[in-house]
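Residue numbers (the numbering used here): 192 to 351.
Given below as structure tokens:
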């Protein structure tokens, strides 16, 4: 996935955040109006939307003589793909994941634990507190689960 330039990101923010009163996509004019502080030409906004469509970032549909544009994926899906692409840049994916896990806050670590638990089909809240990963509770005791290594790495990396 290609990283977005400043103007592309601003246009995508308009699509992701929505323009009031539009639920079925937005026109070039509506995007240009939403970017009113930038004083952009209509044709500039049209070119950016066309390029984003070519990159697969937006979907467009004809409405009379105009196009209606909407984001092809959510902002969260885009960010997740950027993170996955960053892991593919080289080196050790495991080392990069552990380094990332060590850099998140306690709350973010709980979100990761809960997400890994949901992915593994586990129920119940993620363990809380500084000893959560070392007590044998939570995701680290799922013997036989092929994702237990990932969960363990997150638990161990996020314990502080």
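All residues carry an ideal CB built from backbone N, CA and C; glycine is no exception.
Note that this is a predicted model, so its numbers are computed, not measured.
Member of the options whose CA lies at the smallest distance from the CA of residue i
i           : options            : result
residue 261 : 304, 230, 219      : 219
residue 236 : 253, 200, 264      : 200
residue 268 : 207, 197, 196, 198 : 207
residue 217 : 294, 257, 280      : 257
residue 245 : 255, 195, 231      : 195
residue 231 : 266, 243, 254, 198 : 198
Residue i and residue j closer than 9 Å at C-beta
i           : j           : result
residue 289 : residue 239 : no
residue 271 : residue 250 : no
residue 303 : residue 292 : yes
residue 300 : residue 287 : no
First through last residue of the alpha helix (DSSP H) which encompasses residue i
i           : result
residue 201 : 197-208
residue 221 : 219-225
residue 240 : 233-245
Close Cβ partners of residue i (< 8 Å) along its chain, the five nearest in sequence each way excluded
i           : result
residue 222 : 202, 205, 206, 210, 236, 240, 260
residue 335 : Annotation note: pLDDT 37 at residue 335 (below 50); position unreliable, coordinate value reported separately. Within the same chain, residue 335 has no close Cβ partners at all.
residue 284 : 278
Cβ neighbours of residue i in the same chain (closer than 6 Å, five flanking residues each side left out)
i           : result
residue 252 : 259
residue 320 : Because residue 320 sits at a pLDDT of 46, beneath the cut-off of 50, its placement in the model cannot be relied upon, and the following sentence gives the value as read from the coordinates. For residue 320, where only same-chain residues beyond five positions count, there are no Cβ hits under 6 Å.
Residue range of the beta strand (DSSP E) that includes residue i
i           : result
residue 256 : Segment: none, residue 256 is in no beta strand (DSSP E) and carries neither H nor E.
Own chain residues within Cβ distance below 7 Å of residue i, not counting five before or after
i           : result
residue 279 : none
residue 247 : 263
The ligand NAD heavy atom lying under 8 Å from the CB of residue i
i           : result
residue 279 : Looking for the ligand NAD in the displayed structure turns up nothing, as the structure carries no ligands at all.
Contiguous alpha helix (DSSP H) assignments of at least 4 residues, all confined to the segment 262-304
266-278, 284-294
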